[in-house]
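Chemist: Questions regarding the structure given below will be posed in turn.
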Amino acid sequence: MGIIHEEVCRMVLAKYPEQKDMLKPFLSGFDVTYGEKKNLNNTVLFVYLLKPEDFIKDGFGIEKEMLLAFSLYEELQARAIQAVNMLFDMFPYRNRIDTLNCFVAAKD
Numbered sequence: 059m060g061i062i063h064e065e066v067c068r069m070v071l072a073k074y075p076e077q078k079d080m081l082k083p084f085l086s087g088f089d090v091t092y093g094e095k096k097n098l099n100n101t102v103l104f105v106y107l108l109k110p111e112d113f114i115k116d117g118f119g120i121e122k123e124m125l126l127a128f129s130l131y132e133e134l135q136a137r138a139i140q141a142v143n144m145l146f147d148m149f150p151y152r153n154r155i156d157t158l159n160c161f162v163a164a165k166d
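What follows is the structure, encoded as structure tokens:
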């Protein structure tokens, strides 16, 4: 069972406690190592880095962390997908994440 690092709890979940419910399903295979609220490409996303547990690494060959982006809007819009794509080239994501896979979640 994965954990949410203290820094994520202090920096994101203390201000936005409803985000914890969204993260819970990912804790069965990942640790949440980083998180922030990001305004990018005329949209707002909550962005997290997920470190895979050993069984995920072994089963899927994922060595780096994975990006999880959560859109607050009722519908997932193209601008949110474009914003996620922009994150792949930004610090601190650029060198830490697997660029072939990511999770994008929305209220819909």
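Its first residue numbered 59, the sequence shown is counted upward by one per residue in the numbering used here. No residue lacks a Cβ here, since even glycine has one placed at the ideal position from N, Cα and C. Every value quoted in this text rests on a predicted model; they were computed, and no experiment measured them.
1. Check whether the segment 75-84 and the segment 110-122 touch, using three or more Cβ-Cβ pairs below 8 Å as the test.
2. Is it right to say residue 158 is buried, meaning 16 or more other beta carbons lie within 10 angstroms of its own, or is it exposed?
3. On the criterion of 16 or more Cβ atoms from any shown chain inside 10 Å, does residue 140 qualify as buried, or is it exposed?
4. Figure out for me which residue from 60, 98, 105 and 89 has the closest Cα to the Cα of residue 74.
5. Is it buried or exposed, residue 128, if we count other Cβ atoms within 10 angstroms and call 16 or more buried?
6. Pick helix, strand or coil for residue 166, following the three-state DSSP scheme.
7. Just list the beta strand (DSSP E) runs in the segment 96-160, keeping only unbroken ones of 3 residues or longer that don't cross its boundaries, in chain order.
8. Once DSSP output is grouped into helix, strand and coil, what is the label at residue 76?
9. From this set, 136, 70, 149 and 107, which residue's C-alpha is nearest residue 60's C-alpha?
10. Using beta-carbon positions only, say whether residue 80 and residue 163 come within less than 8 Å of one another.
Modeler: In this structure, then:
1. Counting Cβ pairs under 8 Å, fewer than three are found: no touch.
2. Exposed, by the Cβ-count rule.
3. Exposed, because fewer than 16 other Cβ atoms sit within 10 Å of the Cβ of residue 140.
4. Nearest to residue 74 by C-alpha distance, out of 60, 98, 105 and 89, is 105.
5. Taking a 10 Å sphere around the C-beta of residue 128, we find 16 or more other C-beta atoms and assign the residue as buried.
6. Coil, per DSSP.
7. List check, beta strand (DSSP E) in window: 101-110 and 123-129.
8. Note: residue 76 maps to coil in three-state DSSP.
9. Cα-wise, what sits closest to residue 60 is 107.
10. Against a cut-off of 8 Å, the Cβ pair of residue 163 and residue 80 comes out as a contact.
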